[in-house]
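Asker:
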Amino acid sequence: FRDPKMRVSLSRLSAAIQVPDHLKLVSQQLTLPMASGRCMIIGQPSFKYPIAVISPPPEVAPLLAAIRSCDVRPFRIISYVEESGRAFNCSFFNDEAHMRGWIEWLSDNALTAGSQFHECVRSAMPEDEPLPTAETLLFGRGTDVLTDTRFGEYQVGMSISFSRQVPLGPDEYAEMCEVAASREFELRIARCMEERNVDYFGRLAMLEDPRAAAERGSPPALITALRYGSIYDAR
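To convert, note that position 91 of the sequence shown is 120 in my numbering; the numbers rise steadily by one, no gaps.
1. Sort Val-110, Ile-83, Tyr-257 by Cα distance to Ser-75 and report the nearest one.
2. Please determine whether the Cβ atom of Glu-213 lies at a distance below 8 Å from any heavy atom of the ligand MN.
3. In the DSSP assignment, what are the bridge partners of Tyr-229?
4. Starting from Pro-159, follow the alpha helix (DSSP H) in both directions and report where the run begins and ends.
5. When DSSP builds the beta bridges, which residues end up paired with Phe-76?
6. For Arg-105, which residues in the same chain have their Cβ closer than 6 Å to its Cβ, ignoring the five residues on either side in sequence?
7. Leaving out five residues before and five after Thr-178 in sequence, what residues of the same chain have Cβ atoms less than 7 Å from its Cβ?
8. Whose CA, out of Glu-182, Gly-66, Glu-204, Thr-176, lies closest to the CA of Ala-210?
9. Should the segment 114 to 129 be regarded as contacting the segment 162 to 175, the criterion being three or more beta carbon pairs within less than 8 Å?
10. Pick out whichever of Leu-160, Pro-249, Glu-133 has its Cα sitting closest to the Cα of Asp-238.
11. Out of Leu-255, Leu-140, Glu-182, Arg-129, which one is the CA nearest neighbour of Arg-240?
12. On the DSSP bridge list, what partners appear for Ser-136?
13. For the pair the segment 142 to 162 and the segment 74 to 89, tell me if three or more CB-CB distances fall below 8 Å.
14. Grouping DSSP H, G and I as helix and E and B as strand, with all else coil, what is Glu-317?
15. Can you grab the Cα-Cα spacing for the pair Glu-201 / Arg-193, in whole Å?
16. Can you check DSSP and say which residues form a bridge with Met-235?
17. State the CB to CB distance for the pair Leu-236 and Asp-173, rounded to an integer number of angstroms; the pair is presumed to be in contact (CB under 8 Å).
18. Helix, strand or coil for Pro-103, going by three-state DSSP, please let me know.
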């Protein structure tokens, strides 16, 4: 962008991937590219430890068991640990209906006080912090894939840097979409990483849920996930 400080509001989140043992095999190819129509949600760093793992901690195991049998469950949940030590999940869905249904299910069955799995979530949260709600749970949600240049396989020690850019108006939104999806922009990123000896494995760029943007009164945000070889590369 010509002047990023003036044209967008930017939030960033970097974290290390927590890879379950059954996904550490070289034969497990998880790279997409992301199919059109699929959605992604990124949680706020809230938990004391990763919960979407094999096997989950006993106090959250009932919630994870219920998720496995839920009709609107994500087809993939990846747990991350931020540099602060807080954990969060990134979840992927086949379509927007499943994503919305999942958020509603989680709110009704785990985030609401007195709900069936409320204590599971409560036990994974720091004692001095309030439990997230459906409104405060997410760092971002992507519903429209602009580009997916990720390559290679997930490896132990890899890192992800999530960013959320909010354009200030329609002109900035149009430019953001054009640049973010362009081959030239990806080549600029790759050259920049190579010059700085950064292990970079591509990026997924998605537009935010337009309904959430409309409620905020601005164009949809750009949600980006950049893959790196390590947390040091992400820094």
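For each residue, glycine too, the CB sits at the ideal point set by N, CA and C.
Answerer: Quick answer:
1. Looking up residue 75 in the sequence shown gives position 46. Comparing Cα positions, the closest option is Val-110.
2. Inclusion of the ligand MN in the displayed structure is not the case, the ligand content being empty and no account of it being possible.
3. Mapped onto the sequence shown, residue 229 falls at position 200. In the DSSP output, where bridge partners are listed per residue, Tyr-229 has Tyr-257.
4. By 1-based counting over the sequence shown, the position of residue 159 is 130. Neither: Pro-159 is in no alpha helix (DSSP H) and is coded neither H nor E.
5. As a first step, residue 76 must be located in the sequence shown, where it is residue number 47. Note: Phe-76 sits in a beta bridge opposite Ala-116.
6. Walking along the sequence shown from the start, residue 105 turns up at place 76. Closer than 6 Å at the Cβ level, and outside the excluded window around Arg-105, lie Phe-121.
7. Numbered from its first residue, the sequence shown carries residue 178 at position 149. The residues are Glu-215, Gly-231, Arg-232.
8. Taking the first residue of the sequence shown as 1, we reach residue 210 at position 181. Checked all of Glu-182, Gly-66, Glu-204, Thr-176; the closest Cα to Ala-210 is Thr-176.
9. yes
10. By 1-based counting over the sequence shown, the position of residue 238 is 209. Minimum Cα distance to Asp-238 is reached at Pro-249.
11. Residue numbering aside, residue 240 sits at position 211 when the sequence shown is read from its first letter. Answer by Cα proximity: Arg-129.
12. Your numbering for residue 136 matches position 107 in the sequence shown. Note: Ser-136 sits in no beta bridge, so no partner.
13. yes
14. Here the chain covers residues 30 to 264 and nothing more, so residue 317 does not appear.
15. Position 172 of the sequence shown, counting from 1, holds the residue named residue 201. Position 164 of the sequence shown, counting from 1, holds the residue named residue 193. Computed Cα separation, rounded: 14 Å.
16. Translated into positions along the sequence shown, residue 235 becomes position 206. DSSP output for Met-235 lists Val-174, Ile-252 as bridge partner(s).
17. In the sequence shown, residue 236 corresponds to position 207, counting from 1. In the sequence shown, residue 173 corresponds to position 144, counting from 1. Between Asp-173 and Leu-236 the Cβ distance is about 4 Å, and since that is below 8 Å, they are a contact.
18. To locate residue 103, count along the sequence shown from 1; it is residue 74. In this structure, Pro-103 counts as coil in the three-state DSSP scheme.
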